[in-house]
Each structure stands twice: as structure tokens, then as C-alpha cells.
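Chemist: What follows is a single structure, and I will ask about it in a moment.
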Amino acid sequence: MEKLVIHGGTSLKGEVSIVGAKNSAIAILPATLLCKGICTLHNVPNIIDVKLSCQILEALGSKITWLSSNSIIIDNRNITCTHAPLDLTRKFRASYYLIGAMLSRCKEIEVGLPGGCNLGARPIDQHIKGFEALGAVSNLSQGKINVRADKLVGTSIYMDVVSVGATINVLLSSVFAEGTTTIDNAAKEPHIVDVANFLNSLGADIRGAGTDLIKINGVKNLKENITYSIVPDQIEAGTYMLAAIATKGDLIIKNCIPEHLDSVTSKILEIGGNVEYLGDSIHVWSNSRPNKTVIKTLPHPGFPTDLQPQMGVILSIANGTSIITESIWDSRFQYTAELNKMGAHITAQGKSAFFEGVESLYGAPVYATDLRAGAALVIAGIVAKGTTEVFNVKHIDRGYESIENKFSSIGAKIKRVTEGE
Ligand code: EPU
-3 MEKLVIHGGT
7 SLKGEVSIVG
17 AKNSAIAILP
27 ATLLCKGICT
37 LHNVPNIIDV
47 KLSCQILEAL
57 GSKITWLSSN
67 SIIIDNRNIT
77 CTHAPLDLTR
87 KFRASYYLIG
97 AMLSRCKEIE
107 VGLPGGCNLG
117 ARPIDQHIKG
127 FEALGAVSNL
137 SQGKINVRAD
147 KLVGTSIYMD
157 VVSVGATINV
167 LLSSVFAEGT
177 TTIDNAAKEP
187 HIVDVANFLN
197 SLGADIRGAG
207 TDLIKINGVK
217 NLKENITYSI
227 VPDQIEAGTY
237 MLAAIATKGD
247 LIIKNCIPEH
257 LDSVTSKILE
267 IGGNVEYLGD
277 SIHVWSNSRP
287 NKTVIKTLPH
297 PGFPTDLQPQ
307 MGVILSIANG
317 TSIITESIWD
327 SRFQYTAELN
337 KMGAHITAQG
347 KSAFFEGVES
357 LYGAPVYATD
367 LRAGAALVIA
377 GIVAKGTTEV
387 FNVKHIDRGY
397 ESIENKFSSI
407 GAKIKRVTEG
417 E
């Protein structure tokens, strides 16, 4: 068991480089199954969820070679198995993408019901609605789901909720469907566009990704060779932007797409921070205590739920009382109890949390309850006076590459320690 030990009270300064997006990589890895040849992927984040995705693909017959820590070759010429290992698929959320991808590749798949961060109820009814509309039959029993189809036929699908996962899954399952599929009320996150770009580079015919109406004209075959680079991680970039503001620091965040973070930039400016877009970098700095604000998380292009806890750290030390309303997940305020152990005054009630800003936080032992909560607690530890220990680091490693090395390189006093050392 490992923990992160942080000696707080430093301002972050310098440059940090962003890797490819976790939530794009874990969709594009199963998407490679649609290619009956060889895919070379660059800018792949070296994180636990990617390693798990690779293990699952290997169990289905993929041959995977790492060219470097962020580049990978996937040879999918011999996919032999339609039953994904239940223990691995249950470990994380994105295993649901195997359903869409394998429906396209083999017309059948069985996976364990997806796990992932505990953020409240995480139904997949919209995914199933999409598969069944295309002609598939699904059977859910004993913690696993089997989906099969004799043939997939294009149709119109209206999503009852805006869902990243369901949008990508319908994209994956409709690439070879006969005729045209439309997805109405589709999600618009940058990784939806990235998955569509990947599939289009292989020869798929997907139009409108990034808007709420996506059209997929079914094709018969895809190319058997592709080299593709994963889009930069909007959430990793946003995490470092918010860390700069929380610590009254000055950071250049390199290799990102600033426009993906417009909603975050606008909130940072509102609370008195500074942001400058420099091509594919963002300069973020602050010299003063942040002001209070009101935030509601929304699907893209709204303020991302995956940056809500990191923003919560800033509001816990802001001047005045702020309110965050979480509209995506039922249970994403668990980190507030941990911040309160560090001296914050936060009251979470249902979908909203009230942040009565305090002058400073102090170090304490705290527990990462999920991935983004973990990132928030790391930022809080860097801000706080004294020493913070962040436990449950495994959650953070699922989605952040070398978090302690990156934060150390910009001035944080942080190290990973094996418990008991
Ligand atoms: N929903 C349904 N039915 C469905 C699917 C979703 O009711 O069939 C609801 C959910 O309960 C939620 C809302 O729709 O209230 C949005 O869920 P969505 O499907 O968009 O979420 P997801 O695909 O399960 C992805 C990311 C999450 C991120 C959300 C929202 C992955 C693997 N996960 O989850 O990322 O919070 O989109 O942007 O891509 C994270 O990275 O820390 C993380 C939790």
C-alpha cells in the first residue's frame, strides 16, 4: 500500500506537460478492435486504466507492444475470444466500450458489469437502448452482460440523458451497421470527437461529432493500418490550472488544447486568477486570495464534473462563501469530508455543497475516495501548512501519469512512500 506524503505551503512554478486523455485512450484502445490490422497509438497516457485496457485486449487476442512509455502498437489480426475476463472488466468503467467494439467486430461479447469510481448510481441503460435499437439482444445476469446481434442496422437513437459513454458506445457499434445511424442529444466532450476522428481516419463515415447530432453512415470495411495520436487530456490540464491558482503559483501548461478549457478559464478569471492562451500552452497565475463564486457542473462545454473537486479546494480557501452544484453524479462530494479534516468549512447537502472560505488549510491524513478526489487532496496538501498524507493512491494512479514527479518538477514537496516505511 502506498501513500503520498506532502509538505505543504509551496507555490507551484514552472512548466508541466500534459499527456493524452485518459477518457479518450480507454475508448480508443477498444475501438482498435474494429481494425483487423495494426494500430500505432502515440500520446497514450501511462496509467493503470490504460494498462488494464491492454490486458483485456490481450485476453481477447490482441498483441500489444510498447514502443516507449507513451506509444503502443496493437496488432488485432487474430481476435479469438468473445468473452472478456470478468475479473478485469469489473475493475473499471470503460470496459463497457468492449461491448460496442466487439459487437462491430464479432457480433457478440460478454463482459463483467463495469466498475470504476464510486460516484453514485452509474446505469448503462442508454448504452443498452442504443445496442438494442441497432438490432442487438442483451442479457444481464450474475454480474455480467452478454450482448449479441445477427446483424446491425442503422436507426435513429435519442439519448434520454447526455452520456459520454453511451454516445461513444453507439458510435463504436454503428460503424458497420447497414444504412445510417443518428445519435440525437449526443455528448460533445473532446474525447467524443477524438474517438470519431480515430474511426474516420480508419475509414469510418461519422459526421457531427462535437455537436449534439451525430450521423454515422455504415461502411463495409476499415483500413488495416493506422497511426494516431490521442488528444491531450483536458482534465489533467485543468487539474494543473487549478493547482496553480490554489497555490498562488505561476505555471505554463504545455501540450494541451486551451479552448477545451474555456469554462474553467472563465471561472478562474471570475475568482481573480489570470489565464493566457499561448498556442498549445496555457499560462495560469495568481497573486491573491481567490474570490467566492457559484458553479454548476454540466456536460461539455459546461464546467466539467471531473474538475469539480479540484475547484472545491480553491473555494475552500476563497474569500467568502461559494456554492457548487453537482449535476452529473449523485455522490461526488465525498472529498469535502476529507478537506474538512484539513480545516475547511464545507457543508455538502444533496446536489450542492457550501464552501465557507477559510484563510488556510493544515496538513492531515486524508483518503482519496475516487480519482479526482485524490487529485484535489494532492492540491490541498500542497496548499496546506504542515504535512499531509494522502492514502488510497491507487485511485489517483488510475488516471494521472506520474503525479508526484510532475508536481515535484514544479516545486511541490511530495513523495510516494510505501506504507510502513
Ligand atoms: N447515465 C444514465 N444512463 C446511462 C449512462 C449515463 O442515466 O446509460 C447518467 C449517469 O448516471 C450520469 C450522466 O448520465 O448521471 C452522465 O454519465 P456519462 O455516461 O456521461 O458518464 P460515463 O461515460 O460513465 C464518463 C467519464 C467520467 C466523467 C463522465 C462525465 C469515462 C470512463 N468516464 O463517465 O470520468 O465524469 O463521463 O463527463 O469516460 C473521471 O475521469 O474521473 C470520470 C469519472
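Here my numbering is used: the sequence shown runs in plain steps of one and ends on residue 417.
All residues carry an ideal CB built from backbone N, CA and C; glycine is no exception.
Please read all numbers here as calculations on a predicted model, not as lab measurements.
Looking at the strands, I want to know which residues DSSP matches up with Gly71.
Modeler: Stepping through the sequence shown from its first residue, residue 71 is reached at position 75. Per the sequence shown, the amino acid found at residue 71 is Asp instead of Gly. For Asp71, which the question treats as bridged, DSSP gives the partners Ile34 and Lys59.
Chemist: Leaving out five residues on either side along the sequence, give the residues of the same chain with a beta carbon under 7 Å from the beta carbon of Gly298.
Modeler: The count along the sequence shown starts at 1 and reaches residue 298 at position 302. Closer than 7 Å at Cβ, skipping near neighbours: Ser259.
Chemist: Does ligand 1 have even one heavy atom less than 7 Å from the beta-carbon of Pro361?
Modeler: What you label residue 361 is simply residue 365 of the sequence shown in a count that begins at 1. For Pro361, the shortest C-beta to heavy atom distance toward ligand 1 is 7 Å or greater.
Chemist: Tell me the DSSP secondary structure of Phe194 in three-state form.
Modeler: Walking along the sequence shown from the start, residue 194 turns up at place 198. Phe194: helix per DSSP, three-state reduction.
Chemist: Compute the distance between the beta-carbons of Gly269 and Pro286, then report whether it is under 8 Å.
Modeler: For the purposes of this step, residue 269 is taken as residue 273 along the sequence shown, with counting starting at 1. For the purposes of this step, residue 286 is taken as residue 290 along the sequence shown, with counting starting at 1. For Gly269 and Pro286, yes; Cβs fall inside 8 Å.
Chemist: In the DSSP assignment, what are the bridge partners of Pro361?
Modeler: If you number the sequence shown from 1, residue 361 lands on position 365. Paired residue(s): Glu385.
Chemist: Indicate the three-state DSSP secondary structure (helix, strand or coil) for Asn165 in the structure shown.
Modeler: Position 169 of the sequence shown, counting from 1, holds the residue named residue 165. Here DSSP, grouped into helix, strand and coil, assigns Asn165 to helix.
Chemist: Under a three-way DSSP split, which group does Val149 fall into?
Modeler: Locating residue 149 in the sequence shown gives position 153, where the first residue counts as 1. The answer is strand: DSSP assigns Val149 an E or B state.
Chemist: Please report the straight-line C-alpha distance between Asn273 and Arg86, rounded to a whole angstrom.
Modeler: Here residue 273 refers to the residue found at position 277 when the sequence shown is read from its first residue. Here residue 86 refers to the residue found at position 90 when the sequence shown is read from its first residue. According to the sequence shown, residue 273 is Tyr rather than Asn. Using only the alpha carbons, I get a separation of about 40 Å.
Chemist: Distance check for Ile320 and Tyr236, CA to CA, integer angstroms please.
Modeler: The count along the sequence shown starts at 1 and reaches residue 236 at position 240. The count along the sequence shown starts at 1 and reaches residue 320 at position 324. So the two alpha carbons sit approximately 20 Å from each other.
Chemist: Whether or not the region 367 to 384 and the region 3 to 14 are in contact is what I'm after, with contact meaning three or more pairs of Cβ atoms, one per stretch, closer than 8 Å; do they touch?
Modeler: yes
Chemist: Going along the chain, which residues of its own chain have a beta-carbon closer than 7 Å to the beta-carbon of Leu373, five neighbours each way excluded?
Modeler: For the purposes of this step, residue 373 is identified with residue 377 of the sequence shown, where counting begins at 1. Excluding sequence neighbours, Leu373 sits near Tyr331, Glu334, Val362, Ala364 and Val386.
Chemist: Could you name the residues of the same chain whose beta carbon sits closer than 6 Å to that of Asn19, not counting the 5 residues immediately before and after it, in chain order?
Modeler: For the purposes of this step, residue 19 is identified with residue 23 of the sequence shown, where counting begins at 1. For Asn19, where only same-chain residues beyond five positions count, the Cβ hits under 6 Å are His187.
Chemist: For Asn135, name the three-state secondary structure that DSSP assigns.
Modeler: On the sequence shown, position 139 is the one that residue 135 refers to. Note: Asn135 maps to strand in three-state DSSP.
Chemist: Just to confirm before moving on: does the CB-CB distance between Asn72 and Leu8 stay below 8 Å?
Modeler: Counting from one through the sequence shown, the residue named residue 72 turns up at place 76. Counting from one through the sequence shown, the residue named residue 8 turns up at place 12. No, the Cβ-Cβ distance between Asn72 and Leu8 is not below 8 Å.
Chemist: Return helix, strand or coil for Asp326, following the three-state DSSP convention.
Modeler: For this step, residue 326 is matched to residue 330 along the sequence shown. Of the three classes helix, strand and coil, the one that applies to Asp326 here is coil, per DSSP.
Chemist: Could you give the distance in angstroms between the alpha-carbon of Ile399 and the alpha-carbon of Val160?
Modeler: Translated into the one-based positions of the sequence shown, residue 399 becomes position 403. Translated into the one-based positions of the sequence shown, residue 160 becomes position 164. About 25 Å.
Chemist: Answer yes or no: the CB of Val107 versus the heavy atoms of ligand 1, is any distance below 7 Å?
Modeler: For this step, residue 107 is matched to residue 111 along the sequence shown. Incorrect: Val107 has no Cβ contact closer than 7 Å to ligand 1.
Chemist: For a test of your reading of the model: does the CB of Pro186 fall under 7 Å from any non-hydrogen atom of ligand 1? Yes or no.
Modeler: Counting from 1 along the sequence shown, the entry for residue 186 is found at position 190. For ligand 1, not one heavy atom lies less than 7 Å from the Cβ of Pro186.
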